[in-house]
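A short write-up of the structure that comes next.
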Amino acid sequence: MCNVGDDVEEEKAKFMQARTTVNLKNSVCVKCRTAKPQVVLQNQYPYCKDCFLSATVHKFKALLGKNRIAHPNEKVLIYHKTGHASTALLHFLRTGLDLTTPKKIRFEPILLFVEGDFKLSVQQRRLILQQVSEEAQRFGFRINYVCLTQYILDSTQLSSLICDKFDDVLIKENDAASIAGIMKKPNVTTQTEIIKLYEQRLLVDVAKFLNCKCIFTPDLGIDIASQLLTNVCLGRGEHIVFDTGTVDSRDSEVTILKPLRNFTIKEIALYNFFNGLEPVRFLAENVNPYKSIQNLMQKFVSDLQENYPATISTIVRTGDKLGVNKNVGEAKCLLCKAPLGTKPDTLSSSEATNFSHWVSTQTPNCGVSVRDRSKHILEAFNNADYGKYCFSCNQIQPFLCLREV
Amino acid sequence: MVENSLTISLGFGGGAELLFGNKKNISISLPKTQKQWTIGELLKWIKDNLLQERPELFIQDDSVRPGILVLVNEVDWELVDTVNYEIKSEDKIVFISTLHGG
Ligand SMILES: [Zn+2]
Ligand SMILES: [Zn+2]
Numbered sequence: 000m001c002n003v004g005d006d007v008e009e010e011k012a013k014f015m016q017a018r019t020t021v022n023l024k025n026s027v028c029v030k031c032r033t034a035k036p037q038v039v040l041q042n043q044y045p046y047c048k049d050c051f052l053s054a055t056v057h058k059f060k061a062l063l064g065k066n067r068i069a070h071p072n073e074k075v076l077i078y079h080k081t082g083h084a085s086t087a088l089l090h091f092l093r094t095g096l097d098l099t100t101p102k103k104i105r106f107e108p109i110l111l112f113v114e115g116d117f118k119l120s121v122q123q124r125r126l127i128l129q130q131v132s133e134e135a136q137r138f139g140f141r142i143n144y145v146c147l148t149q150y151i152l153d154s155t156q157l158s159s160l161i162c163d164k165f166d167d168v169l170i171k172e173n174d175a176a177s178i179a180g181i182m183k184k185p186n187v188t189t190q191t192e193i194i195k196l197y198e199q200r201l202l203v204d205v206a207k208f209l210n211c212k213c214i215f216t217p218d219l220g221i222d223i224a225s226q227l228l229t230n231v232c233l234g235r236g237e238h239i240v241f242d243t244g245t246v247d248s249r250d251s252e253v254t255i256l257k258p259l260r261n262f263t264i265k266e267i268a269l270y271n272f273f274n275g276l277e278p279v280r281f282l283a284e285n286v287n288p289y290k291s292i293q294n295l296m297q298k299f300v301s302d303l304q305e306n307y308p309a310t311i312s313t314i315v316r317t318g319d320k321l322g323v324n325k326n327v328g329e330a331k332c333l334l335c336k337a338p339l340g341t342k343p344d345t346l347s348s349s350e351a352t353n354f355s356h357w358v359s360t361q362t363p364n365c366g367v368s369v370r371d372r373s374k375h376i377l378e379a380f381n382n383a384d385y386g387k388y389c390f391s392c393n394q395i396q397p398f399l400c401l402r403e404v
Numbered sequence: 000m001v002e003n004s005l006t007i008s009l010g011f012g013g014g015a016e017l018l019f020g021n022k023k024n025i026s027i028s029l030p031k032t033q034k035q036w037t038i039g040e041l042l043k044w045i046k047d048n049l050l051q052e053r054p055e056l057f058i059q060d061d062s063v064r065p066g067i068l069v070l071v072n073e074v075d076w077e078l079v080d081t082v083n084y085e086i087k088s089e090d091k092i093v094f095i096s097t098l099h100g101g
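Residue numbers (numbering that gives the first Met the number 0), protein chains in the order written: chain A, 0 to 404; chain B, 0 to 101.
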């Protein structure tokens, strides 16, 4: 029997769940079922302070325990940034290291701060460095600094670029111009992509230099979601597994782990609040969301977070279901270091794109039959051999002035 | 003696303090009126009296901008009816910015 009401219910399930408003007056903590709640997660689950804090710490430890990437006494490079996520990460690590129980963290964290806020004034950048150094000191961690501009201009002199005192970081007024100088007038999307590629490579290079086999980044669920959608837009679908998965094993020596990927910014900010932690913050200039694909995706996921909060974890979990391309050889992309695909029997989407571009730019020889014409075009088509770069980097590469990257 | 003002303290964190002359704690006295002070009313008062720059990073429509967390006496304001919460003397209301990029 068909019922109109049922249809409506089914229809609803197909769509994204909008933010729900639950009446939480007189509610109790969902965990202990006794205490008065102080926090609401996902707009509907009330937690008391104690249960919230222990659940948050547990979530962090569960991810570390499940992946067992960092081994006892090994050094782990912590990619430290300004903002809530990094501060919470330092606190998770410090409290884990200070434990005396078997659950104690046994690896040795070393912080790395990448100075790359070229859009701010030199004075502001110096202040950020100083505050970052004070924060590391408060938590009792060793920290290193690298100026991203210097690295982009010459990555061969890494040892001279890594400083352990923030005063030694070279900051110049014209850093933004120097960076622009290595590119041939790219649009903002490509420019952002190029800087990100350098940043990624810098992380791995520093990790190797400091003998770290593992890197932790402070990416939250919302960062993962926006990176994933950006990848789709930029033809990096194949790299989603590396860029957004829990573990990035692209490099054979250094593994990148994203231990905060299952957290929301609210959980992390409240964790900091209840622990009396204040992250390093600065007033960034207003970003125009329409200037680049990356900005647009950031705005898109922030809006989702606000209006359809459950979708963020749906995006992240969808990404988790993707697998690595099996048709890969030994060769890696010179820019992003992702394994390059080998020729499969069927056309991949990038090859199909190339083919359609090829067909539509050929002048057909009208002196021969239609059959011969298409035969000729097919024979003449030589699918681009991505000998050096992956599909997406192949689009970026022409914008780089450097000889061999 | 009838008090003719409502004294509360405000806290700003996570970068929200940068919009208030880098002050993390501000104690204020709100004039008592016929109407009960709510957080919604307080936000208008903050905008007119305390907010020093980029109001769009703090206020949106009649509430805080998405990405600003509000706690009343260490309790998430979602548990106390958000903008409709009726302010009591000695309340501590904290605003934490979670905005990305700075
Ligand atoms: Zn509880
Ligand atoms: Zn590539």
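Heads up, the beta-carbon is just placed ideally off N, CA and C, and yes, glycines get one too.
Only a predicted model underlies this, so the values are computations on that prediction, with no experimental measurement involved.
Quick one: is the Cβ of residue i within less than 8 Å of any heavy atom of ligand 2?
i	result
Y44/A	no
C408/A	This structure cannot speak to residue 408/A, because chain A is shown only from 0 to 404.
L334/A	yes
Y197/A	no
Y388/A	yes
Are there 16 or more other CB atoms within 10 angstroms of the CB of residue i, so buried, or fewer, so exposed?
i	result
S391/A	buried
A69/A	buried
D5/A	Residue confidence for D5/A is low, a pLDDT of 48 falling below 50, so the modelled location carries little weight and cannot support an answer.
A135/A	buried
P101/A	exposed
V7/A	Residue placement at V7/A is poorly supported in this model, since its pLDDT is 48, which falls under 50; the coordinates still yield a value, given next. When all chains shown are included, V7/A counts as exposed.
C389/A	buried
N353/A	buried
E192/A	buried
T189/A	buried
N326/A	exposed
Q304/A	buried
Does chain B have any CB closer than 9 Å to the CB of residue i?
i	result
R280/A	yes
H83/A	yes
N261/A	no
S312/A	no
S251/A	no
A268/A	yes
L23/A	yes
S120/A	no
Comparing the C-beta of residue i with each C-beta of chain A, is any distance below 9 Å?
i	result
G39/B	no
E89/B	no
D75/B	yes
S96/B	yes
E52/B	yes
P65/B	yes
L70/B	yes
E85/B	no
From which residue to which residue does the alpha helix (DSSP H) around residue i run?
i	result
F299/A	292 to 306
E40/B	38 to 48
V56/A	48 to 66
E192/A	187 to 208
V323/A	Note, V323/A: premise wrong, no alpha helix (DSSP H); not H, not E.
State yes or no: is the C-beta of residue i nearer than 8 Å to some heavy atom of ligand 1?
i	result
C28/A	yes
A34/A	yes
Give the single residue among the options whose Cα lies nearest to the Cα of residue i.
i	options	result
T263/A	L169/A, E284/A, I311/A	I311/A
I45/B	I86/B, I27/B, V79/B, T32/B	I27/B
L29/B	K23/B, K22/B, I38/B, N21/B	I38/B
F215/A	P36/A, S85/A, L40/A, A54/A	S85/A
D195/A	Q226/A, N210/A, K212/A	Strictly speaking, residue 195/A in this sequence is Lys, with Asp absent from that position. Checking every option, the nearest Cα to that of K195/A belongs to Q226/A.
E55/B	V323/A, L303/A, E284/A	E284/A
G95/A	S120/A, H57/A, H83/A, D116/A	H57/A
W36/B	S4/B, V69/B, L18/B	S4/B
V455/A	N143/A, D218/A, Q130/A	There is simply no residue 455/A to check, as chain A begins at 0 and stops at 404 in what is shown.
I221/A	V315/A, E198/A, N173/A, M15/A	V315/A
I223/A	L52/A, A330/A, R260/A, R32/A	R260/A
How far does the beta strand (DSSP E) with residue i in it reach, from first residue to last?
i	result
I221/A	Unbroken run through I221/A is the alpha helix (DSSP H), 220 to 232; no beta strand (DSSP E).
Chain D contacts from the segment 1 to 26 of chain B (Cβ-Cβ distance under 9 Å): No chain D is part of this structure, whose protein chains are labelled A and B.
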